[in-house]
Amino acid sequence: MHKDIATPIRTKEILQKYGFSFKKSLGQNFLIDPNILRNIVSHAQLTENSGAIEIGPGIGALTEHLARAAKKVVSFEIDQRLLPVLEDTLSPYDNVSIVHSDILKADVAEVIANEMPDVQDIMVVANLPYYVTTPILLKLLHDQLPIRGFVVMMQKEVADRITAKPGTKEYGSLSIAIQYYVSAEVAMMVPKTVFMPQPNVESAVIRLIKHAAPPVTVIDEEFLFEVTRASFVQRRKTILNNLQAGLPNGKQKKEAILAALAQCEIDPTRRGETLTIQEFGKLADALYPNFAKR
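To convert, count from 1 in the sequence shown and add 1241; that's my numbering.
Next up, the structure:
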């Protein structure tokens, strides 16, 4: 068994060897606790026939644990300075491919087809760069990739919003945009002390497992998300006021909004955070004829 990369001593050795300095702009916080890493990987339930996709491997701390658990690991790293480091730290593992690319611009489906032709299931497992957590998740969900789900670390505040239930103050358009595709739960909390350098925020790992079918069937998915975004423009306002403010020409189309709410038996004085995803689905379909872009 090789010495774990993720210990404070080994991490410092590697950083010194390569004269590496952290870039705030890339949200680089490296994990230095092997137990936390083992725990994260265990939540992904990988087998020797699984593939794992990682985003932002850093110096390979999590990558190494994924390589031990999965058949194939593909890691996307945007920081050129880390490529020689990873080549060195991951040299014991022949089942890891590093892709030097910005995950937000990458054709992930093509990478999967090329790099993982013979895996049974694929999980995205990553300590995500906190400043782009939401765009990364939404891109990978919209891309309809052949994956089973995600086990990803992020800022606790974002984790709370993604996993929130209706009627809570964290519940919003982000909760719906993600829970439309996956079931979402917080898997574990992660203390600041296991990072180098320590972040200023609390961290959590969430587990997202793809639905076999979306929890609600709608005419147009994009329009559903447009309606949910409009419904949360100002949290303290009623659904009627928010839809008038947030939908194109909503002020002029108040009667159409009221008719759609009545059709769905939704009280116009309710607030967006009280509506379930099923209610938003019905509402989007009722509003669609009057508001969808033709």
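Cβ coordinates follow ideal geometry from the N, Cα and C atoms, glycine included. Note that this is a predicted model, so its numbers are computed, not measured.
Residues near residue i by beta carbon distance below 6 Å, same chain, minus five either side
| i | result |
| --- | --- |
| Ala1445 | Lys1397, Ala1400, Val1427, Met1430 |
| Gly1408 | Thr1515 |
| Leu1484 | Ala1471, Gly1491, Ile1498 |
| Ala1405 | Glu1411, Tyr1412, Ser1416 |
| Asp1362 | Ser1291, Arg1389 |
| Val1442 | Gln1396 |
| Asp1486 | Per the sequence shown, the amino acid found at residue 1486 is Ala instead of Asp. Cβ within range, chain order: Val1474. |
| Thr1510 | Thr1479 |
C-beta atoms of residue i and residue j nearer than 8 Å
| i | j | result |
| --- | --- | --- |
| Leu1465 | Ala1425 | no |
| Gly1513 | Ile1480 | yes |
| Pro1393 | Met1357 | Here residue 1393 is Val; the residue named in the question, Pro, does not match the sequence. Result no, Cβ atoms of Val1393 and Met1357 do not sit closer than 8 Å. |
| Leu1449 | Gly1390 | yes |
| Val1360 | Asn1290 | yes |
| Ile1447 | Ile1403 | yes |
| Ala1310 | Leu1278 | no |
| Ile1300 | Leu1323 | yes |
| Ile1419 | Leu1382 | yes |
| Val1457 | Ile1518 | yes |
| Pro1263 | Ala1302 | Note on residue identity: the sequence assigns Phe, not Pro, to residue 1263. Contact: no. |
| Val1337 | Phe1317 | no |
| Pro1333 | His1243 | yes |
| Tyr1422 | Lys1451 | yes |
| Leu1287 | Glu1305 | no |
| Tyr1372 | Asp1461 | no |
| Thr1375 | Ser1414 | no |
Start-to-end residues for the beta strand (DSSP E) that takes in residue i
| i | result |
| --- | --- |
| Gln1269 | That residue, Gln1269, is in no beta strand (DSSP E); it is neither H nor E in DSSP. |
| Gln1396 | 1390-1396 |
| Glu1295 | 1291-1296 |
| Ala1445 | 1444-1451 |
Contacting residues, own chain, Cβ-Cβ under 7 Å from residue i (five flanking each side not counted)
| i | result |
| --- | --- |
| Pro1489 | Phe1532 |
| Leu1386 | Val1349, Ala1350, Ile1353 |
| Leu1307 | Val1282, Ala1293, Glu1295, Val1314, Val1366 |
| Asp1384 | Val1349, Ala1350 |
| Gln1321 | His1341 |
Enclosing alpha helix (DSSP H) for residue i [first to last residue]
| i | result |
| --- | --- |
| Arg1476 | Arg1476 -> no alpha helix (DSSP H), and no H or E assigned at all. |
| Phe1521 | 1518-1532 |
| Ala1311 | That residue, Ala1311, is in no alpha helix (DSSP H); it is neither H nor E in DSSP. |
| Glu1538 | As displayed, the chain neither begins before 1242 nor continues past 1535, which places residue 1538 out of reach and without an answer. |
| Leu1381 | 1374-1383 |
| Ala1247 | No alpha helix (DSSP H) holds Ala1247; DSSP gives it neither H nor E. |
| Val1282 | 1275-1285 |
| Leu1499 | 1495-1504 |
Residue environment, residue i, which counts as buried when at least 16 other CB atoms sit within 10 Å
| i | result |
| --- | --- |
| Glu1496 | exposed |
| Glu1295 | buried |
| Asp1274 | buried |
| Pro1370 | buried |
| Gln1297 | As written in the sequence, residue 1297 is Gly, which differs from the Gln given in the question. Flag for Gly1297 reads buried. |
| Gly1260 | exposed |
| Asn1276 | exposed |
| Ala1454 | exposed |
| Lys1313 | buried |
| Ile1255 | buried |
| Gln1257 | exposed |
| Ala1501 | buried |
| Ile1250 | exposed |
| Glu1467 | buried |
| Ala1285 | buried |
| Gln1493 | exposed |
Any non-hydrogen atom of the ligand SAM within 7 Å of residue i CB
| i | result |
| --- | --- |
| Gln1286 | The ligand content of the structure shown is nil, which means the ligand SAM is not present either. |
Cβ shell of residue i (< 8 Å), same chain only, five flanking positions each side left out
| i | result |
| --- | --- |
| Cys1505 | Glu1520, Lys1523, Leu1524, Ala1527 |
| Gln1347 | Going by the sequence as given, residue 1347 is Ala instead of Gln. Here the set comprises Phe1317, Val1340. |
| Val1435 | Leu1272, Ile1273, Asp1274, Ile1277 |
| Glu1463 | none |
| Ile1319 | Leu1267, Gly1297, His1341, Ser1342, Asp1343, Ile1344 |
| Thr1252 | Ile1246, Phe1271, Ile1273, Ile1300, Ala1302, Met1437 |
Proximity test, Cβ basis, 8 Å: residue i and chain E
| i | result |
| --- | --- |
| Ile1344 | Of the protein chains in the structure, only one exists, and it is not chain E. |
- request: Write down every uninterrupted run of the beta strand (DSSP E) in the stretch 1393-1434 whose length is 3 residues or greater and which is fully enclosed by it, in chain order.
  value: DSSP runs (the beta strand (DSSP E)) wholly in the stretch 1393-1434: 1423-1431.
- prompt: In chain order, which beta strand (DSSP E) runs of at least 3 residues are fully inside the stretch 1330-1368?
  reply: Counting only runs of 3 or more, we get 1337-1341, 1362-1368.
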